[in-house]
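Sequential numbering from 0 applies to the first sequence in numbering that gives the first Met the number 0.
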Amino acid sequence: MLELHRLRTDKDAIATALAKRGWGSDRLVILDEIITIDDQRKALQTENDAYLAERNSLSKEIGQLFKSGKQEEAAAAKAKVETLKTKISETEAKLSESQSQLEAKLLDVPNAPHSSVPNGQSDEDNEVAKPWREDLPDLGAEALPHWELATKYNILDMKLGVKITGAGFPVFRGKGSRLQRALINFFLDEASAAGYEEIVPPLLVNESSARATGQLPDKDGQMYYVERDDLYLIPTAEVPVTNIYRDVIVKETDFPIKLTGYTQCFRREAGSYGADVKGLNRVHQFDKVEIVQFQHPDKSYETLDAMVAHVEGLLDKLELPYRILRLCGGDLSATSALTYDLEVYSAGQKRWLEVSSVSNFETYQANRLKLRFKDKDGKKRLAHTLNGSALALARIIAALLENNQTADGIKIPEVLQKYTGFAMID
RNA sequence: GGAGGAAUGGCAGAGCUGGUUUAAUGCACUAGUCUUGAAAACUAGCGUGCGGCAACGUACCGGGGGUUCGAAUCCCUCUUCCUCCGCCA
Numbered sequence: 000m001l002e003l004h005r006l007r008t009d010k011d012a013i014a015t016a017l018a019k020r021g022w023g024s025d026r027l028v029i030l031d032e033i034i035t036i037d038d039q040r041k042a043l044q045t046e047n048d049a050y051l052a053e054r055n056s057l058s059k060e061i062g063q064l065f066k067s068g069k070q071e072e073a074a075a076a077k078a079k080v081e082t083l084k085t086k087i088s089e090t091e092a093k094l095s096e097s098q099s100q101l102e103a104k105l106l107d108v109p110n111a112p113h114s115s116v117p118n119g120q121s122d123e124d125n126e127v128a129k130p131w132r133e134d135l136p137d138l139g140a141e142a143l144p145h146w147e148l149a150t151k152y153n154i155l156d157m158k159l160g161v162k163i164t165g166a167g168f169p170v171f172r173g174k175g176s177r178l179q180r181a182l183i184n185f186f187l188d189e190a191s192a193a194g195y196e197e198i199v200p201p202l203l204v205n206e207s208s209a210r211a212t213g214q215l216p217d218k219d220g221q222m223y224y225v226e227r228d229d230l231y232l233i234p235t236a237e238v239p240v241t242n243i244y245r246d247v248i249v250k251e252t253d254f255p256i257k258l259t260g261y262t263q264c265f266r267r268e269a270g271s272y273g274a275d276v277k278g279l280n281r282v283h284q285f286d287k288v289e290i291v292q293f294q295h296p297d298k299s300y301e302t303l304d305a306m307v308a309h310v311e312g313l314l315d316k317l318e319l320p321y322r323i324l325r326l327c328g329g330d331l332s333a334t335s336a337l338t339y340d341l342e343v344y345s346a347g348q349k350r351w352l353e354v355s356s357v358s359n360f361e362t363y364q365a366n367r368l369k370l371r372f373k374d375k376d377g378k379k380r381l382a383h384t385l386n387g388s389a390l391a392l393a394r395i396i397a398a399l400l401e402n403n404q405t406a407d408g409i410k411i412p413e414v415l416q417k418y419t420g421f422a423m424i425d
């Protein structure tokens, strides 16, 4: 949620920023509507507070009158309070109505994109912030996509997943499973070495948590929901890990707070079709190591760069060709102010696969989380939150299989060999 | 799943036979005095949201609802924790 105060004082700048998301004047009227509702809300509260103050002081008087035995005067005062109570319930009803209107409207406003976010409608307008530094690998016409390699070496079985659960639930086996576990350990070790505290969080979260990180209400349909217990399966470790700091006021000196967590992730994602969703390209359950940081507002963009650099380091060590995209306004998620996507080139499918998304949410997420810090003057301010995948496994495996295929089998990158215990899938 | 007990400000902990509680007190924390420095002692400050330039007002004692002129305090309900029983990797 955008901060109301910022919206009131900096409306024009926010409107300009929202235009990058394709918001025209027809949609931007919501900003003025919000301010009008907020004005009403303030007036109602002032009115209601006055009634409450009067009731409180009358009630005290009544107490005194009873003590001194003045029953009749007490009865008269009671009658006065009685009429006040009707007014109070009226204004309170209006007040809560305008509060919920305000909140509903605020939830409809996405984050204001950062000044560097390019204009654009869709993923086709994303800007290549950093192209791959060399030529892309060309394995020729013989190169197989990962789903065929998986079958050839019996390391991944999508059909078995259909039998056990349904489409989009991969079953890894043998060296495929070992590779999966190796990648998780490699990513976690790298994150620890970079100063992130490792977290093992719950995989199911309650409604408050899903709301605080912004999955609810807008992405309701993307999460699996356990109705009987009113819990949601997490779509990313971001949700439980970030919620560690819900309703927390930290010290300024605590920054940066760096957390990492490996979890399985569950996404319903009403699928697309064809090659986009084939094999591991898009699945309902996948593994991901997430990195999360909470940072002082003055330093969050340095931190964003550092997080991107961390992910780049992982890809370099895995010897995978990648490029970095700066998402345009139309492709930016509602909560993000600036997002870099890292895409890996997968030589079997001859296409780029998104393996990481690193974002700065500025105060948008912290506002719902109520994650604050006390600054030097003792004033409470919202922190900036950032997160990124480091990395999502399924597509990394897809790219590793495709790019490293040889006539003798699939080569394991050197850095992973101490984790897998083998150098070749054959 | 069954029975009983509990939930108060960063922590500990009063209040809980309803009315100067605008929540005592201690610890921790912050600033100052003293000191060569530290400790101790002393002085002051020290929860959060909303409204207000401010004074101040208002709300919050696990969540929600109710009774009452008035609720931390009484009632209902939900959640969580503790003790005991049952089941269980």
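Glycine is no exception: its CB is placed at the ideal position from the N, C-alpha and C atoms. This structure is a prediction, so every number in the text was calculated from the model and none was measured.
- CA-CA distance, residue 377 to residue 252, rounds to 12 Å.
- Taking a 10 Å sphere around the C-beta of residue 394, we find 16 or more other C-beta atoms and assign the residue as buried.
- In its chain, beyond the 5 residues on either side, 108 have a beta carbon closer than 6 Å to the beta carbon of residue 1.
- Excluding five sequence positions before and after residue 75, none of the CB atoms of its chain fall closer than 8 Å to its own CB.
- Between the region 108 to 122 and the region 312 to 322, the count of Cβ pairs shorter than 8 Å is below three; the stretches do not touch.
- Per DSSP, residue 62 lies in no beta strand (DSSP E) segment; the continuous alpha helix (DSSP H) that holds it begins and ends at 24 to 66.
- For the pair residue 78 and residue 63, the Cα-to-Cα distance works out to about 16 Å.
- Ranked by Cα distance from residue 151, the first of 406, 418, 232 and 65 is 406.
- Under a 10 Å Cβ-count criterion, residue 135 is classified as exposed, with fewer than 16 other Cβ atoms of the shown protein chains found around its own Cβ.
- Taking each of 298, 247 and 124 in turn and checking the Cα distance to residue 385, the smallest one comes out for 298.
- The Cβ atoms of residue 310 and residue 238 lie no closer than 8 Å to each other.
- Distance from the CA atom of residue 290 to the CA atom of residue 306, rounded to whole angstroms, is 8 Å.
- Residue burial annotation: residue 425 is exposed, with fewer than 16 other C-beta atoms found within 10 angstroms of its C-beta.
- Contact between residue 412 and residue 279 is ruled out by a C-beta separation of about 17 Å, above the 8 Å threshold.
- Contact check for residue 57 and residue 80: beta-carbon distance about 5 Å, within the 8 Å limit, so the pair qualifies.
- For residue 361, the beta-bridge partners assigned by DSSP are 384.
- Here the region 187 to 202 does not lie against the region 160 to 176, with fewer than 3 beta-carbon pairs under 8 Å apart.
- Between residue 261 and residue 293, the gap from beta carbon to beta carbon reaches 8 Å or more.
- The C-beta distance from residue 389 to residue 313 rounds to 6 Å, short enough to meet the 8 Å contact threshold.
- Contact between residue 229 and residue 206 holds: CB atoms are separated by about 7 Å, below the 8 Å threshold.
- The three-state secondary structure of residue 351, taken from DSSP, is strand.
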